[in-house]
Each structure stands twice: as C-alpha cells, then as structure tokens.
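Under the UniProt record's numbering, the residue at position 189 of the sequence shown is numbered 189, and the numbers go up by one with no gaps.
Built from N, CA and C at the ideal position, the CB exists for glycine as well.
Since the structure comes first, as structure tokens, the remarks are kept for the end.
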Amino acid sequence: MSMHSRTSSGASPAPSGPWVIDTRELGRRAGSSRRYHRSLPPSTRLGLDLVAVPDQGEVVLDIRLDSVVEGVLVAGTATAPLEGECSRCLDSILDEVEVEVTELFAYPESATDETTEEDELPRVVDELIDLEPVVRDAVLLALPSSPLCSPTCAGLCVDCGGKWAELGPDHRHETMDPRWAALQQRFGDTSTPSTTLDKSEEN
1 MSMHSRTSSG ASPAPSGPWV IDTRELGRRA GSSRRYHRSL PPSTRLGLDL VAVPDQGEVV
61 LDIRLDSVVE GVLVAGTATA PLEGECSRCL DSILDEVEVE VTELFAYPES ATDETTEEDE
121 LPRVVDELID LEPVVRDAVL LALPSSPLCS PTCAGLCVDC GGKWAELGPD HRHETMDPRW
181 AALQQRFGDT STPSTTLDKS EEN
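Put into structure tokens, the structure is as follows:
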C-alpha cells in the first residue's frame, strides 16, 4: 500500500469546499465504510509545463472511506482528462490519467507508531478531511515530464522545423563548409563544395 506523505498545515479545511468530506456519517467505529463518487474541478492548475488537466476539466473520484483505529483510510481511483503538447514535435496531445489513491487521515489524538509524527500524515480536523492535496500529489507523480504524441515520434528537423514523420527519410539540407563560406563571402565564388546533412547527422 502506497502512502503519499505531506506536511499538515494545521488549518481546518473549508466545510463548503467541494473536495472536503464530512466523516461524521462514517463514525469512529472501526470497520464501517462509505463509498463516494464525485466529479470535482481542481482549485488551481493541476499539471506540469507541457501537460495538465484542462481549465474546464474535472477529476472523477471513485473512492471508499474506511474507519480504522488510527483514523480514516481513503482508497480508490482518480481519473482526469489531459491536454498538452508533444515534447518532440509540439503536436497537441489529448489523453487521460488514472491514478490509485491511498491515504490515511489520522485522528488528532491518534498516537500509534504510524501517526506519532505530526508531519507524516494528514489529519482529520473537526471530522473533516480534504482530499485535494492527496489527489493532486498522486496525479502530479503520474504525469510525464516529457510527454510524447507517440513513442516513435521522431521530432522536428532542426533546419526547417518540419516534422520528420511528414518529411520522410530522403529529406536533406545542403549546407556549406564554414571554411568555404568565408572564401565565398570574400571572393564571390559560388562553385564551392557543400555537405549534406540528413536526419542521422543532425541527431
């Protein structure tokens, strides 16, 4: 079971916040559980430089809350749409991310081996738990820092900016040796040797 640890701010979650769940329905009797299915908008941008949940996108939560001796155990999945651009060819990317979420929210008075350090686990505050930090951490960890439109994307030609997928294997650029270029500039001789760069030489 994976736990994502964060530092508790000590501030109570806003009771009206869409990510906040009131655990009083669950009670503190170990073994009781409740299921929740919600679609929630992130309060701030959720993503990395090249890929993120779109501005109007929502995170779909399918989770179960279990009352345990130490607190409230949250387990389930979070699914969200993604949009961004390929890190090689800059094409638009539309995708989806699904992550598993598992977190223990400890009761304020809990003092077991797992919950004695205040900074190790989030806490139940006034019988409320805020799910957004938990989900945010899980989603960010799952996002690629260099997203690709496809695993075989060859990127762009460094000379003309064309996509290698569209240019084809015979695409070439004639480039002049810098030494001959200096002579041409001085004497105006256009019949100078040149070299051909192909995709393999550029890379």
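Quiz item: The alpha helix (DSSP H) spanning V135 covers which residue range?
Solution: 132-142
Practice problem: Mind checking who T79 pairs with in its DSSP beta bridge? | Solution: Paired residue(s): V60, E98.
Quiz item: Closest to S150 by CA distance: which of S87, V68, W19, D55 is it?
Solution: S87
Practice problem: List the residues that DSSP assigns as beta-bridge partners of D66. | Solution: S33, L73
Quiz item: For P123, which three-state DSSP category applies?
Solution: A small correction: the amino acid at residue 123 is Arg; Pro does not occupy that position in the sequence shown. Strand, per DSSP.
Quiz item: Can you check whether the CB of V60 is closer than 7 angstroms to the CB of T79?
Solution: yes
Practice problem: Using the Cα positions of residue 205 and S33, report the straight-line distance between them to the nearest angstrom. | Solution: Because the chain in this structure spans residues 1 to 203, residue 205 falls outside the shown range and cannot be described.
Quiz prompt | N-terminal and C-terminal residue of the beta strand (DSSP E) that V20 is part of | solution = 20-22
Quiz item: From which residue to which residue does the alpha helix (DSSP H) around L167 run?
Solution: 164-167
Quiz item: Looking only at DSSP bridge pairs, what is G47 linked to?
Solution: A52, per the DSSP bridge assignment.
Self-check item: Top-ranked residue by Cα proximity to R123, from L73, L90, S39
Solution: L73
Quiz prompt | Own chain residues within Cβ distance below 8 angstroms of residue 205, not counting five before or after | solution = A question about residue 205 goes unanswered here, because the residues of the chain that appear run from 1 up to 203.
Quiz item: Between G31 and G17, what straight-line distance do the alpha-carbon atoms span, to the nearest angstrom?
Solution: 27 angstroms
Quiz item: Where Q56 and L82 are concerned, what is the direct C-alpha to C-alpha distance, given to the nearest angstrom?
Solution: 11 angstroms
Quiz item: Any contact of the stretch 45-52 with the stretch 60-70, i.e. 3+ C-beta pairs under 8 angstroms?
Solution: no
Exercise. Taking all protein chains shown into account, decide if T175 is buried (16 or more other Cβ within 10 angstroms of its Cβ) or exposed.
Key: exposed
Self-check item: Cβ shell of G10 (< 7 angstroms), same chain only, five flanking positions each side left out
Solution: In this predicted model, G10 has a pLDDT of only 47, less than 50, meaning its place in the structure is not dependable enough to derive any value.
Quiz item: How is E25 classed by DSSP in three states: helix, strand or coil?
Solution: helix
Practice problem: Report all residues from its chain with a CB closer than 6 angstroms to the CB of S110; omit the five preceding and five following residues, and keep chain order. | Solution: E70, G71
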